[in-house]
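Written below as structure tokens is the structure these notes are about.
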Amino acid sequence: MEAHLRPLCSPTAILCPKPPNSKLPQLLQRPTSYTSRFWYTVSTKLSSYCRFPPTVLLATPESQVSTGLNTDTREWAMQDFYFLRRDVETTAERVKEIRDSACLQQLEQEVADLELKAADSSFWDDRAKAQENLSALTDVKDRIRLLNEFKSQVEDAETIVKLTEEMDSVDNGLLEEAASIIKELNKGLDQFELTQLLSGPYDKEGAVIFITAGAGGTDAQDWAEMLLRMYVRWGEKQRYKTRVVEKSQGEEAGIKSATIEVEGRYAYGYLSGEKGTHRIVRQSPFNAKGLRQTSFSGIDVMPLLPEESLKVDLPEEDLEISFSRAGGKGGQNVNKVESAVRITHIPTGVTVRCTEERSQLANKIKALSRLKAKLLVIAEEQRASEIKQIRGDVVKAEWGQQIRNYVFHPYKLVKDVRTGYETSDITCVMDGDLEPYIKAYLKHKYSMKVTAAGVV
Amino acid sequence: MKLSFSPKLSTFLKPSSVTNLHRSFCSSSISSPPPTSLKPQTPLFLKPPIHSAASSDLQKWHDWAKSLASSVGSTFVDLDNGPDSTLLCREIKWLMEDAIEEESEGMENNQRSIRLRVALEELYMLWKQRVEERRPFQYVVGCEHWRDLVLCVQEGVLIPRPETELIVDLVGDVVLGNEGLREGLWADLGTGSGAIAIGIGRILGTGGRVIATDLSPAAFEVAGFNVQRYGLQDVVELRQGSWLEPLKDMEGKLAGLVSNPPYIPSDDISGLQAEVGRHEPKVALDGGINGMDDLLHICKGAASMLKPGGFFAFETNGEKQCKHLVEYMENDAGGSFCNLKIVPDFAGINRFVTGFHK
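Note that the protein sequences, when read in sequence, are chains A and B.
Each step along the first sequence adds one to the number in the working numbering, with nothing skipped, and position 60 is 60.
Each step along the second sequence adds one to the number in the working numbering, with nothing skipped, and position 105 is 561.
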């Protein structure tokens, strides 16, 4: 964990992805859709982080993405060369900054320590711990390799620039190569910085999303189902293993609640900022007059933690466990496959529910795991923000609590209340294009953290 | 490791070993034939996936099943406290879970065919039986998820109830600090599917044994099948016969005695939820005029069967029956029991009577 927290100590690398002095034309020329397209590759890559070397993925052609340098075969004018040279310079600065802030020496020391541990004969005695160790080792090694790759790539580009300066003629092929190196390198750097944003203790884990329809009757239940679809689409796009494990249908349409399990690296890190109330404004499809209608749905997110990492001891007397059971005499008199379990942690008031398993005991075990995960997150949030009143932490699906507004009518706009990020392409958002929102929130959260730290 | 909790028994036992167990069970039943031989049916989730259907056809089935479930609304609830649409929809999900082979579940392509453990036509028939005939879901899929077990059940065998899960916990609590009980000999009277016996068999020490009795040939077969599936042949012994009759050689030797005997008063049987009243074996439900015939019968025998310090736990119809049973044990059983306790189930109904032999 520490390994991931440390790079955060260097805010400049993260807050200012481009050095402040780089007022480059490329920034202005960048198409607006750049962010989302970029994010897509990044997050896809994150989910398959360990399997593919990043270079392979970075090399995926993204010809539409312009960095101000047209990669079509054409004559290189001197002006273009100056632009390229400046790009190379700023990128070199960026690489240096990132490498400095990453404390390479410390990382190497960490690898040495972890390798020493792994060599110990008693290493595999505690399997869970050994696994944890090994994955930490892979992470640190990956990081070092990336940092070294950044350096060698920027050096390649620098060499080309120097060569061109020394030569009388211009070698188109070489310059194009340099341009493409810089383009890919910047993507890699962006992504590297993003991983730094995802440095919470559970960010790397999978996630469980709970959707609850709020006030607003059938409209709200329909809205909850739209959100369910949105998150499932998002998960599929990230190539996460996404499963709807529980769904409770609404009476007329939509759903009262649903639970989605998202398996894959960093799913929790991305999704944690989705927690909160989501508000929709539209013409009600369930109202003959088609009146404008506002509805709410609550989203709660918690990490999908491996059993062995849930080192939370919950005394039995702190738990209030209730089982839903058909009324009447029970026992032999009744046969209903109703085995829902609800557990309340009395000291905090945190409540979890599990209905998807087929036996009482299975539901209880799963509910308990979820409770532990939730308490761990709350403990973490408390530590991070020094907020004493997270208690309960129930998402209120009602007016004034929303984190994001989705306006379908009278105009189209999706706006995040916290970050101010907005788009009018509501269809795309509902199709799961949440990346810009997630990214904006992660940056927002990070800057809040830095500010808070500064105040203290 | 994930948080997910495997609902399938197939993960406990490899498919091949399951079939082997099945085979070995069948042969063992031949060597000691019960009065009426009844072969246990293979539950849906253990059937080989030899059928297939286009995913679009399966989708059609699913839509049909859902609309059939929705048409029920709260009719059954009003009629006899039966399942509503929401519960039935959950059952559809589980039915599909059992019927579809896991690896073939991906439905990205509409044209893909999906491997099934049962023909699509039969799937239609099964769901029709479930809704129209009110056939219990557990009989439809041939199994019941109970505690961490998946127990095979079929017509003629009582479906273990969630309430009864608690008996295993009660036993777990008393054996925890008591080696004599943990390594001792236990009996489960009227074992049905073998649920309690298997549950207890898995928490006893290496020396602990359970004898499970049942009068019904169907229960005897199914319990045997379940015991084999969990590899507990050396721990759980099945004896066919009425209550304590097959245990004559065990007098004064039992460390523990548990039972979930029929306890519903005869007059209540006709008004039961259709799934129970129409489909489950009456012999496992009807406890005589006040429902206590079998409970009292077992109590009478308990004193002579249990060794000193032995534990017992019985399930009852709740409240009145518990009180009655405790009164009986205090007054009429000659003071041979102590520490009598009434334990509520998770719905808060006083459901169990527990105690120790002096």
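Ideal Cβ placement from N, Cα and C applies to all residues, glycine included.
Quick caveat: nothing in here was measured; it's all calculated off a predicted structure.
I want to see whether chain A comes within less than 8 Å of Ala803 (chain B), judged by CB atoms only; does it? Closer than 8 Å: yes.
Would you grab the beta carbon distance between Asn716 (chain B) and Gly646 (chain B) for me? Rounded to a whole angstrom, and I think it's under 8 Å. 7 Å
Chain B contact residues for Phe323 (chain A), given Cβ-Cβ distances below 8 Å: Residues of chain B passing the Cβ test: Pro618, Phe802 and Ala803.
Under 8 Å between C-beta atoms, does Val732 (chain B) make it to chain A? yes
Can you pull the DSSP bridge partners for Glu263 (chain A)? A:Lys241
Amino acids of chain B, ordered along the chain, whose beta-carbon sits closer than 7 Å to that of Lys329 (chain A): Asn773 and Gly774
Where in the region 679-716 of chain B do unbroken runs of the beta strand (DSSP E), each at least 3 residues long, occur, reported from the N-terminal end onward? 692-696 and 710-715
For Arg603 (chain B), which residues in chain A fall below 9 Å Cβ to Cβ? Ser359, Gln360, Leu361 and Ala362
Sorted by chain position, which residues of the same chain lie with C-beta nearer than 7 Å to Leu197 (chain A)'s C-beta, five sequence neighbours on each side aside? Ile14, Leu442, Lys443 and Tyr446
State the DSSP-derived secondary structure class of Glu246 (chain A), mapped to helix, strand or coil. Looking at Glu246 (chain A) - three-state DSSP - the assignment turns out to be strand.
If you measure from the beta carbon of Gln729 (chain B) to each beta carbon in chain A, is any gap under 8 Å? yes
In whole angstroms, give me the CA-to-CA distance for Glu149 (chain A) and Ile426 (chain A). Between the alpha carbons of Glu149 (chain A) and Ile426 (chain A) lies a gap of roughly 38 Å.
Check each candidate in A:Met448, A:Ala440 and A:Cys428 and name the one with the smallest Cα separation from Tyr231 (chain A). A:Cys428
Is Met302 (chain A) helix, strand or coil when you go by DSSP? strand
Measure how close the beta-carbons of Ser770 (chain B) and Leu781 (chain B) come, nearest whole angstrom, since I'm counting them as under 8 Å. According to the sequence displayed, residue 770 (chain B) carries Phe and not Ser. Going by Cβ atoms, the distance from Phe770 (chain B) to Leu781 (chain B) rounds to 7 Å, so yes, they are a contact pair.
Decide if Pro499 (chain B) is buried, meaning its Cβ has at least 16 other Cβ atoms within 10 Å, or exposed. buried
Asp629 (chain B) versus Leu700 (chain B): straight-line alpha-carbon distance, rounded: When rounded, the distance between both Cα atoms is 25 Å.
Counting Cβ pairs, one atom from each stretch, are 3 or more of them under 8 Å apart for the region 120-127 of chain A and the region 156-168 of chain A? No, they do not touch.
Please confirm if Glu621 (chain B) has its CB atom under 8 Å from at least one CB of chain A. Yes, Glu621 (chain B) lies at the interface with chain A (some Cβ there is under 8 Å from its Cβ).
Kindly say whether Ser248 (chain A), judged by its beta-carbon, lies nearer than 8 Å to any beta-carbon of chain B. yes
Does the beta-carbon of Met563 (chain B) have 16 or more other beta-carbons within 10 angstroms, so that it is buried, or is it exposed? Residue confidence for Met563 (chain B) is low, a pLDDT of 48 falling below 50, so the modelled location carries little weight; the figure read from the coordinates is stated next. When all chains shown are included, Met563 (chain B) counts as exposed.
Roughly how far, in whole angstroms, is the beta-carbon of His409 (chain A) from the beta-carbon of Arg292 (chain A), given that I think they are within contact range, below 8 Å? 6 Å
Given this structure, state the Cα-to-Cα distance separating Val854 (chain B) from Asp644 (chain B), to the nearest angstrom. A question about residue 854 (chain B) goes unanswered here, because the residues of chain B that appear run from 457 up to 814.
Look at Gly661 (chain B) and Arg638 (chain B) and say whether their C-beta atoms are less than 8 Å apart. Yes, these two residues count as a Cβ contact at 8 Å.
If I measure Cβ to Cβ from Gly432 (chain A) and keep anything under 6 Å in the same chain, skipping five residues before and after, which residues do I get? Met230, Arg233, Trp234 and Lys237
Beta carbon proximity, Gln196 (chain A) to chain B, threshold 8 Å: no
Alpha helix (DSSP H) segment containing Ser734 (chain B), residue limits: According to the sequence displayed, residue 734 (chain B) carries Arg and not Ser. Note, Arg734 (chain B): premise wrong, no alpha helix (DSSP H); not H, not E.
Would you check if the region 688-702 of chain B and the region 663-679 of chain B touch, i.e. whether three or more CB-CB distances between them fall below 8 Å? Yes, the region 663-679 of chain B is in contact with the region 688-702 of chain B.
Do we get a CB-CB distance below 8 Å when we pair Lys237 (chain A) with the residues of chain B? no
Would you mind reading off the limits of the alpha helix (DSSP H) that contains Val429 (chain A)? Ile426 to Met430
Secondary structure of Ala803 (chain B), DSSP reduced to three states: coil
Once you ignore the five residues that flank Ile652 (chain B) on each side, which residues in its own chain have a CB closer than 6 Å to its CB? Ile623, Asp644 and Val714
Could you check what DSSP says for Leu645 (chain B) in three-state terms: helix, strand or coil? strand
Tell me whether Asp393 (chain A) sits in a helix, a strand or coil according to DSSP, three-state version. Caution is warranted here: a pLDDT of 45 is assigned to Asp393 (chain A), below 50, making its placement in the model unreliable, and no coordinate value can be reported.
Paired residues, beta bridge with Asp416 (chain A) - DSSP: Its beta-bridge partners are A:Arg404.
With His345 (chain A) as the anchor, note down where its alpha helix (DSSP H) starts and where it stops. Unbroken run through His345 (chain A) is the beta strand (DSSP E), Val341 to His345; no alpha helix (DSSP H).
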